[in-house]
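So the structure is just underneath, and the comments pick up after that.
Numbering (our numbering), first residue to last: 18 to 151.
Printed below as a string of structure tokens:
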């Protein structure tokens, strides 16, 4: 028979595990489907940064400082995500395969094009953020 303490520990571990899995799945779904071309709220990081600076009326000096802060944030997030990136990729790959199994041939082709377009936008966005910011 388990003690109340071990039951609480097990329950806490289950809840934390469920939160982690939910977060990973949510992150993956957002990465795959959250940037649909039809979604008017999609902005690349470059566009978001530019819009942020314009709406706040940032000076060139302020914008440079904010850019540096956001770059450090991105680097920190990358280092935090690095240990779980393989698991996230595995969940993403598995999800893609399961979705493809539901689709007919023409839908699979369209889905592949959508994913390729999304990947291209993400690559372009990352390059623009690292390079010129415009």
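Note that CB positions come from ideal geometry on N, CA and C, so glycine has one too. Computed from a prediction, not measured in an experiment: that's the story for all the values here.
According to the neighbour-count rule (16 or more other Cβ atoms, all chains shown, within 10 Å of its Cβ), is residue i buried or exposed?
i: residue 37; result: exposed
i: residue 54; result: At residue 54 the pLDDT is 45, less than 50, meaning the model places this residue with poor confidence and gives no usable figure here.
i: residue 71; result: exposed
i: residue 56; result: Model confidence at residue 56 stands at a pLDDT of 47, short of 50, so the residue's coordinates are unreliable and nothing is read from them.
Regarding residue i and the ligand COA, is the C-beta to nearest heavy atom distance less than 6 Å?
i: residue 97; result: No copy of the ligand COA occurs in the structure displayed, which carries no ligand at all.
Terminal residues of the continuous alpha helix (DSSP H) containing residue i?
i: residue 111; result: 102-119
i: residue 87; result: 77-98
Note to self: Under 8 Å, with one C-beta from each stretch per pair, do the stretch 79-87 and the stretch 62-71 reach the 3-pair mark?
What the structure shows: yes
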